[in-house]
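My numbering numbers the first residue of the sequence shown as 1231 and each following residue consecutively. Yeah, the Cβ is synthetic: ideal placement off N, Cα and C, and Gly gets one too. Step one of this worksheet: look at the structure below.
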Amino acid sequence: MVESTEAAALFEEFYARLAGWCRSLVGSEALAHDIASEAFTRLWSRWGRVDEPRAYLYTIASNLIKDHWRRTERERRTLQRIGSTTEEAQSPADSATDIRDLVQSLPKRLRTPVLLHYYADLPVLRIAEVLGRSSGSVKTDLHRARQLLRAELRDIHDIS
């Protein structure tokens, strides 16, 4: 009974936030709720074995989002190959896609802290615990990731 009460409290506290985080990354309300629901389902199937449920939820959601991005990119390339796409003007939603693509292109060592810190809103000390690194190492990785992202954004948008 205690476990189900804890699980219900966790769901109540984090579901909306997790779904909102997912929506900001995938751009779809329905898909965001699907991902958040799947993350909670996977957590509940491992409930007694997960030490940090919040970090686990964001890690699972992050992996599901990356799968979605990969699938979307494969579909886009396939459509380009068969010549079914048309050129469209870049919309504001496309810039969000640019940022997601840039974050996705970071090396895993840098991408994971970025996702946990900026998207899951976890503090550096918590990320260090989850990843088994020192807080200095996480701070260094976040700094390097920001430098890479800044340089890429300058190149894309031709900013001096």
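Val1354 and Val1333 do not touch by the CB rule: their CB atoms are close to 18 Å apart, not below 8 Å. A distance below 8 Å separates the beta carbons of Leu1240 and Pro1283. By the 16-neighbour rule on beta-carbons within 10 angstroms, Ser1335 is exposed. The residue among Ala1246, Glu1303, Leu1379, Asn1293 with its C-alpha nearest the C-alpha of Leu1340 is Leu1379. Of all alpha-carbon atoms in Arg1384, Ile1329, Glu1268, Pro1337, the one lying nearest the alpha-carbon of Asp1371 is that of Pro1337. One thing to note: Ala1269 has its Cβ within 8 Å of the Cβ of Ile1290. Rounded to whole angstroms, the separation of the alpha carbons of Gly1278 and His1373 is 35 Å. For Thr1302, the number of other beta carbons within 10 angstroms of its own is below 16, and it is reported as exposed.
For Glu1268, the uninterrupted alpha helix (DSSP H) segment begins and ends at 1259-1275. Gly1362 carries a coil assignment under DSSP once its states are collapsed to helix, strand and coil. Between Val1360 and Thr1342, the alpha-carbon positions lie close to 11 Å from each other.
DSSP places Leu1340 inside the alpha helix (DSSP H), whose first and last residues are 1338-1344.
The shortest CA-to-CA distance from Ala1350 to any of Ser1258, Trp1299, Leu1248 is the one to Leu1248. With contacts defined as CB atoms closer than 8 Å, Val1344 and His1298 fail to qualify as a contacting pair.
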